[in-house]
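Presented below is the structure to which this report refers.
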Amino acid sequence: MAKQEDGKLRLFAVRTSPHVSGALTTPRVMYDVLIALVPAILAAVWLFRGHAVVLLVSTVAGAVLAEMFGNRLLRREQSIGDGSAILTGVILALCLPPTFPFYFAALGGAVSTGIGKMAFGGLGYNVFNPAMVGRTFLTACFGTMMTTWIEPGTLATIGGVEAVTAATPLGLAKQLLKAGGDASLMAQISSQMPALPRLFLGNIGGSLGETSALAILLGGAWMLWRRTITWHIPIGVLLGAAVFGTIAWLADPAGVVNPLTHLLGGSMIFGAFIIATDPVTCPLSAKGRFWFGVGVGLLTMLIRIVGGYPEGVMYAVLLMNAITPFLDRWTATRPVGLGGPSYA
Amino acid sequence: MSYMRDFTRGLWDELPPFRMVLGLCPVLAVTKSAEGGLGMGLCVIFVLTLSNIIVSALRRVIPRKVRIASFIVIIATFVVIVELVTQAYFYSIYTTLGLFIPLIVVNCIILGRAEAFASRNGVFRSTLDGLGVGLGFTLSLTVLGSIREILGNGTWFDMPLMWSSFEPFTFMVEAPGAFVCLGLMLGAMNAISGTRAS
Chain A
16 MAKQEDGKLR
26 LFAVRTSPHV
36 SGALTTPRVM
46 YDVLIALVPA
56 ILAAVWLFRG
66 HAVVLLVSTV
76 AGAVLAEMFG
86 NRLLRREQSI
96 GDGSAILTGV
106 ILALCLPPTF
116 PFYFAALGGA
126 VSTGIGKMAF
136 GGLGYNVFNP
146 AMVGRTFLTA
156 CFGTMMTTWI
166 EPGTLATIGG
176 VEAVTAATPL
186 GLAKQLLKAG
196 GDASLMAQIS
206 SQMPALPRLF
216 LGNIGGSLGE
226 TSALAILLGG
236 AWMLWRRTIT
246 WHIPIGVLLG
256 AAVFGTIAWL
266 ADPAGVVNPL
276 THLLGGSMIF
286 GAFIIATDPV
296 TCPLSAKGRF
306 WFGVGVGLLT
316 MLIRIVGGYP
326 EGVMYAVLLM
336 NAITPFLDRW
346 TATRPVGLGG
356 PSYA
Chain B
1161 MSYMRDFTRG
1171 LWDELPPFRM
1181 VLGLCPVLAV
1191 TKSAEGGLGM
1201 GLCVIFVLTL
1211 SNIIVSALRR
1221 VIPRKVRIAS
1231 FIVIIATFVV
1241 IVELVTQAYF
1251 YSIYTTLGLF
1261 IPLIVVNCII
1271 LGRAEAFASR
1281 NGVFRSTLDG
1291 LGVGLGFTLS
1301 LTVLGSIREI
1311 LGNGTWFDMP
1321 LMWSSFEPFT
1331 FMVEAPGAFV
1341 CLGLMLGAMN
1351 AISGTRAS
């Protein structure tokens, strides 16, 4: 019996375990990731000015409206407050090229949460990373627009006309692969390749938030410190990509760019820390997460070096999402002392 | 009254692709354009109605044990007729539908109606059933094809429909677009019948 504030005696609440609950709630995770994205957002706004702001606002609006509509249809409580739709919108915006039209960006946001998440039953039930579903949809619909890049800082205002189209480091890497032994052409392509420090800071052509490795690493460090993510996935991705990239580079040093360029160019870092670590669509066990990361890294490099596209992070993440249930089964914790095969 | 029911059942309660979720192969494959959907639907109406009539007329003659094989032979006969006629007189539809015309033979809807309805009911009722189900199938395919063609190509029956700066959603005329569009329509139909029931 315990004394309540009103002075009466009542029984303690009787219930089964767990009795102690952690502070790791859905909104906390989502807002932590959003805070981690602040450096990347600032870098995007600094590099691409108004474009970045417009794209961010429109994808978030699209994602949030689709989630509200989905909740209406499913007669559920509104779940906008947990921040997951906002986060999906922000991640999608950071994956878009700066000159992408804002209305299609909003459509992409709506597809992300509407089809990528709500159609599966809402947060926690989605098989695939919602932001990557939106990005794949936009790539399938508007392939040319999704791969038109501009040099950062050349547009001071929205709708300016002085855009300079620029090849991304990965686009150059692809050209180099296709040059096929033509020495003068290969030298010309290599001379356009930005130096590593510039790749690290992010002053290169590319998607809004993916160019600056420094900004993303800052955010990643914050999430690791807050324990929002564990180290397994990012290290797995980078390790898988580095091993594959190094072998390919050693096999063909003239045709394949060096592995550091592969790690810093494109969305490898962004994918490793922000996209692949989505808690809903990655495996639960630590071992599973590590191999999930390795798979993402290997598939990305496979697509970049052997496949047809210059960039492959989104397809790699979606493919690994598809086998997440198997990874969970293969890496299920075995009870101590029982021996024998696991539940797989 | 019950004759009317035989006809209208195929239009909503047992609407082939959305209610019975049968015959999905042509539904997904030929609905890149409204024309493809309509053409496929008309072919199916023809085959379904005539095979229903023949199966129903022969229902006392066909031995139980070999009925499926007999149905297939009857259906295949009409499919060959359709294939030759479209090849001779509607060559553009023949090229659009291609392999999917001979594949009507194995369309579950036709075999399903023969087994479930025509082999147990009289000729007149089977005719109505074939027409109704075929019409429902045609409508479904035409609507799905229209949505995909308008969004994915900006045209409807090859007529330009959208404003000039419209950027088509190429996704919709590709295979994944068919699955997403079919799923959304299925969801919408379930939502509508859910509200009607409650």
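For the protein sequence lines, the chains are A and B, in the order given.
With positions in the first sequence counted from 1, the corresponding number in my numbering is that position plus 15.
With positions in the second sequence counted from 1, the corresponding number in my numbering is that position plus 1160.
For every residue, glycine included, the Cβ atom is placed at its ideal position computed from N, Cα and C.
- By DSSP's assignment, B/Pro-1320 forms a beta bridge with B/Thr-1315.
- Neighbours of B/Phe-1339 in chain A, taken as residues whose beta carbon is under 8 Å from its own, are absent, since the nearest beta carbon is some 10 Å off.
- Not one beta carbon of chain A lies nearer than 8 Å to the beta carbon of B/Thr-1191.
- What B/Glu-1309 touches in chain A, judged by beta-carbon distance under 8 Å, is nothing: the nearest beta carbon there is about 15 Å away.
- Within the stretch 110 to 140 of chain A, the alpha helix (DSSP H) runs of at least 4 residues that lie entirely inside it are, in chain order, 117 to 129.
- In this structure, the beta-carbon distance from A/Phe-119 to A/Phe-157 falls below 8 Å.
- Chain-ordered, the chain B residues with CB closer than 7 Å to the CB of A/Cys-156 read Phe-1329, Thr-1330 and Phe-1331.
- Bounds of the alpha helix (DSSP H) holding B/Ser-1230 are 1227 to 1249.
- Taking CB atoms only, A/Leu-70 has no neighbour in chain B less than 8 Å away.
- With its beta carbon less than 8 Å from one in chain B, A/Leu-88 belongs to the interface.
- The beta-carbon separation of B/Ile-1213 and B/Ser-1286, rounded to 6 Å, stays under the 8 Å limit for a contact.
- Neighbours of B/Ala-1217 across chain A, judged by C-beta separation under 8 Å, do not exist; the nearest C-beta is about 46 Å away.
- Look at the stretch 114 to 133 of chain A: the residues with a C-beta under 7 Å from a C-beta of chain B are Ile-130.
- Around the beta carbon of B/Val-1233, fewer than 16 other beta carbons sit within 10 angstroms, so the residue counts as exposed.
- Neighbourhood of A/Phe-152 in chain B, by CB distance below 9 Å: Phe-1329, Phe-1331, Pro-1336 and Val-1340, in chain order.
- When secondary structure is reduced to three states using DSSP, A/Ile-165 falls in the strand class.
- Where A/Gly-310 is concerned, the enclosing alpha helix (DSSP H) starts and stops at 301 to 320.
- Here the stretch 214 to 232 of chain A makes contact with the stretch 47 to 58 of chain A; the two share three or more CB pairs at distances below 8 Å.
- Non-local C-beta neighbours of B/Thr-1256 in its own chain, meaning closer than 8 Å and more than five positions away in sequence, comprise Val-1190, Ser-1193, Glu-1195, Gly-1196 and Gly-1199, ordered along the chain.
- Membership of A/Asn-336 in the alpha helix (DSSP H) is indicated by the continuous run 328 to 337.
- For the pair A/Thr-103 and A/Ala-78, the CB atoms are nearer than the 8 Å cut-off.
- Put simply, the backbone Cα of B/Leu-1344 is about 16 Å away from that of B/Phe-1329.
- Straight through space, the alpha carbons of B/Val-1265 and A/Leu-313 are spaced by roughly 44 Å.
- Exclusion of the five residues before and after A/Ala-51 leaves Gly-234, Trp-237 and Met-238 as the residues of its chain whose Cβ lies within less than 6 Å of its Cβ.
- Under the 10 Å beta carbon count, B/Ile-1310 is surrounded by 16 or more other beta carbons and is classified as buried.
- In the three-state scheme derived from DSSP, where H, G and I count as helix and E and B as strand, A/Thr-226 is classed as coil.
- Between B/Asn-1313 and B/Val-1333, the gap from beta carbon to beta carbon is short of 8 Å.
- Listed along chain A, the residues sitting closer than 8 Å to B/Ala-1351 by beta-carbon distance are Leu-88.
- For the 8 Å CB-CB criterion, A/Val-271 and A/Ile-320 form a contact.
- For A/Thr-296, there is no enclosing alpha helix (DSSP H), as DSSP marks it with neither H nor E.
- Shown here for A/Cys-297: same chain residues with a beta carbon closer than 7 Å to its own, the five before and five after excluded, namely Ile-248, Ala-291, Arg-304, Phe-307 and Thr-339 in chain order.
- Check the Cα spacing between A/Asn-336 and each of A/Pro-145, A/Leu-232, A/Leu-253 and A/Ile-231: the tightest is with A/Pro-145.
- The beta carbons of B/Val-1293 and B/Gly-1201 sit no closer together than 8 Å.
- With distances taken between CA atoms, A/Thr-40 lies nearest to A/Gly-96 out of A/Met-83, A/Gly-96 and A/Trp-61.
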